[in-house]
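Participant: Residue numbers (UniProt numbering): 1 to 313.
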Amino acid sequence: MKPSAPRTPTVSQLRAFAAVAEHRHFREAASAIGTSQSALSGAVAALEESLGAQLVERTTRRVVITPLGERIAAHSRRVLAALHALTEEAEAARRPFTGPLHLGVIPTVAPYLLPAVLRLVRDAYPDLELHVHEERTPSLLGGLADGRLDLLLLALPAGGSLPVAEIPLFDEDFVLIVPPEHELAGRADVPRDALLDLDVLLLEEGHCLRDQALDICREVGADPAGGSTRAAGLSTLVQLVAGGLGVTLLPATALDVETGRTDRLAAVRFAHPAPGRRIGLAHRPGSARTTEYGRFAAALREALRGLPIRPAS
Numbered sequence: 001m002k003p004s005a006p007r008t009p010t011v012s013q014l015r016a017f018a019a020v021a022e023h024r025h026f027r028e029a030a031s032a033i034g035t036s037q038s039a040l041s042g043a044v045a046a047l048e049e050s051l052g053a054q055l056v057e058r059t060t061r062r063v064v065i066t067p068l069g070e071r072i073a074a075h076s077r078r079v080l081a082a083l084h085a086l087t088e089e090a091e092a093a094r095r096p097f098t099g100p101l102h103l104g105v106i107p108t109v110a111p112y113l114l115p116a117v118l119r120l121v122r123d124a125y126p127d128l129e130l131h132v133h134e135e136r137t138p139s140l141l142g143g144l145a146d147g148r149l150d151l152l153l154l155a156l157p158a159g160g161s162l163p164v165a166e167i168p169l170f171d172e173d174f175v176l177i178v179p180p181e182h183e184l185a186g187r188a189d190v191p192r193d194a195l196l197d198l199d200v201l202l203l204e205e206g207h208c209l210r211d212q213a214l215d216i217c218r219e220v221g222a223d224p225a226g227g228s229t230r231a232a233g234l235s236t237l238v239q240l241v242a243g244g245l246g247v248t249l250l251p252a253t254a255l256d257v258e259t260g261r262t263d264r265l266a267a268v269r270f271a272h273p274a275p276g277r278r279i280g281l282a283h284r285p286g287s288a289r290t291t292e293y294g295r296f297a298a299a300l301r302e303a304l305r306g307l308p309i310r311p312a313s
């Protein structure tokens, strides 16, 4: 008997499988695409049946993608991105910067820049349906690649294995945060190698700010301390400093918000040139909204001028 040919997968099946391949967890994948776990599991099973191949190994503790599944996941992301580009181009042609826009933002930017972003959208783009997704950089880049997200606000260069188009917005300095009784408290001319003698606390793995802080420390030969102490966010990190567990690095845009909650913190400025980071937008190369994103970036630079930043040209 001749075996039946594979059936063409549906978009919902590809979206479900791409989410599972990204998150390696059925519950998290279901949450990411806004469906139930049972519906997602059924869609993945239906995809396997359609293709006549096993794509996922299901165990009690984790999800393992088979070698074929990894290749199918890559195809799925390309198909979903192409479908998203199709609808995006039609929407862009209908009316510039209207309809839905899914904006991804890293956690070390979201609390400090979103107020300005939301005001800009409300005042200048009233017909834009903005959806904000706060995630770490690897998840944002995955969402951009598979069409789940349209535009990212993050530290540049974005990195990742797939190409992205980047639009620089601004540069900002890092500020050293110490307890108020620290010998460096209040100084504005501290050399970077002062980090050699300090216990620098870091965010947990997965944050690009952690990697940036590590790079700064390694440049001067410092070995960040803190033992097993790690923070999931900047608010927790500065509280650890206030409690006397060490010092940390904050981006300048976060300084007022994070140090304004307690009098147990003091800022230390580095001597010029201070270490810092570049923040910008990223989108898929060749997006139908490329021109609109460029105009949005220009408007956003103006909206952010009151912050302690240096606009990028």
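Cβ atoms here follow ideal geometry from the backbone N, Cα and C, with glycine treated the same way.
Is the beta carbon of VAL178 less than 7 Å from the beta carbon of ALA266?
Facilitator: On the sequence shown, residue 178 is found 178 positions in, with the first residue counted as 1. On the sequence shown, residue 266 is found 266 positions in, with the first residue counted as 1. Cβ atoms of VAL178 and ALA266: closer than 7 Å.
Participant: Once you ignore the five residues that flank GLY147 on each side, which residues in its own chain have a CB closer than 6 Å to its CB?
Facilitator: The count along the sequence shown starts at 1 and reaches residue 147 at position 147. Result list for GLY147: LEU80, ALA81, HIS84, in chain order.
Participant: What residue range does the beta strand (DSSP E) around GLY99 cover?
Facilitator: Walking along the sequence shown from the start, residue 99 turns up at place 99. Where GLY99 is concerned, the enclosing beta strand (DSSP E) stretches over 99-105.
Participant: Which of the three DSSP states is assigned to ARG284 in this structure?
Facilitator: As a first step, residue 284 is located in the sequence shown; it is residue number 284 there, counting from the start. Looking at ARG284 - three-state DSSP - the assignment turns out to be coil, as it is neither helix nor strand.
Participant: State yes or no: is the C-beta of ASP189 within less than 7 Å of the C-beta of ARG278?
Facilitator: Taking the sequence shown and counting its residues from 1, the one referred to as residue 189 is at position 189. Taking the sequence shown and counting its residues from 1, the one referred to as residue 278 is at position 278. Result no, Cβ atoms of ASP189 and ARG278 do not sit closer than 7 Å.
Participant: Report yes if the CB atom of SER128 is closer than 7 Å to the CB atom of VAL121, and no otherwise.
Facilitator: Taking the sequence shown and counting its residues from 1, one reaches residue 128 at position 128. Taking the sequence shown and counting its residues from 1, one reaches residue 121 at position 121. Looking at the sequence itself, residue 128 is Leu, so the reference to Ser does not match. Contact: yes.
Participant: Report the three-state DSSP secondary structure of GLY69 (helix, strand or coil).
Facilitator: Sequence index remark: in the sequence shown, residue 69 carries index 69 (1-based). Looking at GLY69 - three-state DSSP - the assignment turns out to be helix.
Participant: Count the other C-beta atoms from every protein chain shown that fall within 10 angstroms of the C-beta of ALA254, then say buried if there are 16 or more, exposed otherwise.
Facilitator: Working through the sequence shown from its first residue, we reach residue 254 at position 254. By the neighbour-count rule (16 or more Cβ atoms within 10 Å), ALA254 is buried.
Participant: Only counting the same chain, and skipping five residues up and downstream in sequence, which positions put a Cβ closer than 6 Å to that of ALA110?
Facilitator: In the sequence shown, the residue the question calls residue 110 occupies position 110. Once the five neighbours on either side are set aside, the close Cβ partners of ALA110 are GLU134.
Participant: With DSSP as the reference, please indicate the residues paired to LEU130 in a beta bridge.
Facilitator: By one-based count along the sequence shown, residue 130 stands at place 130. LEU130 is bridged to LEU101.
Participant: Within the same chain, show all residues whose beta-carbon is closer than 6 Å to that of GLN212, passing over the 5 residues directly before and after it, in chain order.
Facilitator: Numbered from 1 along the sequence shown, position 212 holds the residue referred to as residue 212. Around GLN212: ARG277.
Participant: Among GLU166, GLN37, ALA16, which one has its Cα closest to the Cα of HIS283?
Facilitator: In the sequence shown, residue 283 corresponds to position 283, counting from 1. The option with the nearest alpha carbon to HIS283 is GLU166.
Participant: Would VAL195 and THR108 qualify as a contact pair, given that the criterion is a beta-carbon distance under 7 Å?
Facilitator: Taking the sequence shown and counting its residues from 1, one reaches residue 195 at position 195. Taking the sequence shown and counting its residues from 1, one reaches residue 108 at position 108. Note on identity: in this sequence residue 195 is Leu, with Val being the wrong assignment. Contact flag unset, no.
Participant: Can you tell me whether DSSP reads VAL164 as helix, strand or coil?
Facilitator: To locate residue 164, count along the sequence shown from 1; it is residue 164. In the structure shown, VAL164 sits in coil (DSSP, three-state: anything other than H, G, I, E or B).
Participant: When we look at the beta-carbon of VAL11 and count the other beta-carbons within 10 Å, is it buried (16 or more) or exposed?
Facilitator: Numbered from its first residue, the sequence shown carries residue 11 at position 11. Under this definition VAL11 is an exposed residue.
Participant: Note down the Cα distance separating ALA74 from ARG119, rounded to an integer number of angstroms.
Facilitator: Mapped onto the sequence shown, residue 74 falls at position 74. Mapped onto the sequence shown, residue 119 falls at position 119. Straight-line Cα distance between these residues: approximately 37 Å.
Participant: Closest to ARG136 by C-alpha separation, out of SER161, ALA155, ILE216, PRO275, would be which residue?
Facilitator: Residue numbering aside, residue 136 sits at position 136 when the sequence shown is read from its first letter. The option with the nearest alpha carbon to ARG136 is ALA155.
Participant: Residue ranges of each alpha helix (DSSP H) run of no fewer than 4 residues wholly in the segment 19-69, ordered along the chain?
Facilitator: Runs found: 26-33, 37-51.
Participant: What first and last residue would you give for the beta strand (DSSP E) that runs through LEU198?
Facilitator: Mapped onto the sequence shown, residue 198 falls at position 198. No beta strand (DSSP E) contains LEU198, which DSSP labels as neither H nor E.
Participant: Residue ranges of each alpha helix (DSSP H) run of no fewer than 4 residues wholly in the segment 195-264, ordered along the chain?
Facilitator: Taking only runs of at least 4 residues, the alpha helix (DSSP H) segments lying wholly in the segment 195-264 are 208-219, 234-242, 255-259.
Participant: Given a cut-off of 7 Å, decide if PHE26 and SER41 are closer than it, judged by their beta-carbon atoms.
Facilitator: Along the sequence shown, one-based indexing puts residue 41 at 41. Along the sequence shown, one-based indexing puts residue 26 at 26. The answer is yes: Cβ separation under 7 Å.
Participant: Where THR59 and GLY221 are concerned, what is the direct C-alpha to C-alpha distance, given to the nearest angstrom?
Facilitator: If you number the sequence shown from 1, residue 59 lands on position 59. If you number the sequence shown from 1, residue 221 lands on position 221. Straight-line Cα distance between these residues: approximately 43 Å.
Participant: Going by DSSP, what residue range makes up the beta strand (DSSP E) through residue 316?
Facilitator: This structure cannot speak to residue 316, because the chain is shown only from 1 to 313.
Participant: Since LEU201 and LEU240 should fall inside the 8 Å C-beta cutoff, what is the C-beta to C-beta distance between them, to a whole number of angstroms?
Facilitator: Taking the first residue of the sequence shown as position 1, residue 201 is located at position 201. Taking the first residue of the sequence shown as position 1, residue 240 is located at position 240. Right, their Cβ atoms sit about 5 Å apart.
Participant: Under the assumption that LEU234 contacts LEU245 (Cβ atoms under 8 Å), give the Cβ distance between them as a whole number of angstroms.
Facilitator: Counted from its first residue, the sequence shown places residue 234 at position 234. Counted from its first residue, the sequence shown places residue 245 at position 245. The Cβ separation is near 15 Å, so there is no contact.
Participant: Between GLU292 and the rest of its own chain, which residues show a CB-CB distance below 6 Å, the 5 nearest in sequence each way excluded?
Facilitator: As a first step, residue 292 is located in the sequence shown; it is residue number 292 there, counting from the start. Within the same chain, GLU292 has close Cβ partners PRO96, PHE97.
Participant: When you compare each of VAL238, SER31, ARG264 to GLU258 by their alpha carbons, which one comes out closest?
Facilitator: Indexing the sequence shown from 1 puts residue 258 at position 258. Of the candidates VAL238, SER31, ARG264, the one whose C-alpha sits nearest the C-alpha of GLU258 is VAL238.
Participant: Alpha carbon to alpha carbon, how far is ALA90 from VAL247? Give it in angstroms, no decimals.
Facilitator: Taking the sequence shown and counting its residues from 1, one reaches residue 247 at position 247. Taking the sequence shown and counting its residues from 1, one reaches residue 90 at position 90. Those two C-alpha atoms are separated by around 51 Å.
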